[in-house]
Ligand SMILES: [Zn+2]
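Residue numbers (the working numbering): 601 to 679.
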């Protein structure tokens, strides 16, 4: 699994939507990649903040802050 693959799967991981095989590869990558651990923490924090906002349900599926975060991470990885 590459960093880009991991970024694509972060929200599914946090939703517990990955297959056991994907989850194993995801966690294997996390073990060896500090950047992705930090990214996961950022996404988790962002989702936690969104969770306490009243409009979360309406915004789910189109979360501008999360998209920006994921885009920023992709740019960072691309160098
Ligand atoms: Zn990584």
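Beta carbons: idealized from backbone N, C-alpha and C, even for Gly. Since the structure is predicted, the reported quantities are computational estimates derived from the model, not experimental observations.
- In this structure, residue 643 sits away from residue 609, with a CB-CB distance that is not shorter than 8 Å.
- For residue 614, the enclosing alpha helix (DSSP H) starts and ends at 603-614.
- Beyond the five residues adjoining it in sequence on each side, residue 618 comes within less than 7 Å, by CB distance, of 609, 612, 626 in the same chain, given in chain order.
- Distance from the CA atom of residue 604 to the CA atom of residue 674, rounded to whole angstroms, is 7 Å.
- Remark: C-beta atoms of residue 630 and residue 640 approach each other more closely than 8 Å.
- Rounded to whole angstroms, the gap between the alpha carbons of residue 606 and residue 636 is 8 Å.
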